[in-house]
Amino acid sequence: MTHHTLDYARRIREQGYRLTPQRELILDAVCEGGGHTTIDEIYGRLQKKAPAISLATLYRTLDFFCELHLVVSAEIDGQTVYEIAGLTPHHHLICRECGASIHIDHELVQELFDKFQAEYGYTIDMDHMAFTGLCPACRAKAGAGE
Ligand SMILES: [Zn+2]
Ligand SMILES: [Zn+2]
10 MTHHTLDYAR RIREQGYRLT PQRELILDAV CEGGGHTTID EIYGRLQKKA PAISLATLYR
70 TLDFFCELHL VVSAEIDGQT VYEIAGLTPH HHLICRECGA SIHIDHELVQ ELFDKFQAEY
130 GYTIDMDHMA FTGLCPACRA KAGAGE
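Using our numbering, read the sequence shown as starting at 10 and increasing by one per residue.
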């Protein structure tokens, strides 16, 4: 899934902005990560194609994309990772031992959000969460299986 197949040019236009060549280069560099990618990795890829783009501009542009919900970020292991948002929200289960990561559907999490709303009156709007724990392989290794 890339920003081309998702027609980000149109989605940015619909929100009243333009996909400038600079913004497109930055989206490309996020896409090339093929999933979660750190700002250092994005910056490294960007340097090869557009060395004139500064780290400050990259931060600003990523914030801009996050505000438009075109890019999502998450804190994983003390690092911020970025990723192309896709059409529907998704979340992650992440193994704190080996780093294995799987996608989980938003529907599962929405049930929990609905409960929060019913119980506490809060509407939750998190669209990209990382749940850390132990994956099945690491659990077996640790002898923590049942
Ligand atoms: Zn993600
Ligand atoms: Zn693991």
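Here a beta-carbon is modelled for each residue, glycine too, at the ideal position from N, C-alpha and C.
Span separating the alpha-carbon of residue i from that of residue j
i	j	result
residue 92	residue 147	26 angstroms
residue 154	residue 110	Residue placement at residue 154 is poorly supported in this model, since its pLDDT is 48, which falls under 50; the coordinates still yield a value, given next. Taking the straight line from one Cα to the other gives about 19 angstroms.
residue 37	residue 112	22 angstroms
residue 141	residue 103	5 angstroms
residue 49	residue 106	23 angstroms
residue 132	residue 121	11 angstroms
residue 149	residue 42	30 angstroms
residue 30	residue 85	30 angstroms
residue 89	residue 128	31 angstroms
residue 60	residue 152	49 angstroms
residue 116	residue 136	11 angstroms
residue 11	residue 57	20 angstroms
Coil, strand or helix - residue i by DSSP
i	result
residue 59	coil
residue 117	helix
residue 84	strand
residue 53	helix
residue 133	coil
residue 70	helix
residue 64	helix
residue 33	helix
residue 123	helix
residue 154	Model confidence at residue 154 stands at a pLDDT of 48, short of 50, so the residue's coordinates are unreliable and nothing is read from them.
residue 26	coil
residue 41	coil
Those residues which DSSP pairs with residue i across a bridge
i	result
residue 108	None, per the DSSP bridge assignment.
residue 91	46, 82
residue 140	102
Proximity below 8 angstroms, CB of residue i to CB of residue j
i	j	result
residue 24	residue 77	yes
residue 15	residue 35	no
residue 52	residue 67	yes
residue 139	residue 94	no
residue 39	residue 47	no
Whole-number beta carbon distance between residue j and residue i, since they are thought to touch under 8 angstroms
i	j	result
residue 99	residue 114	7 angstroms
residue 26	residue 79	Not confirmed; about 10 angstroms, so no contact.
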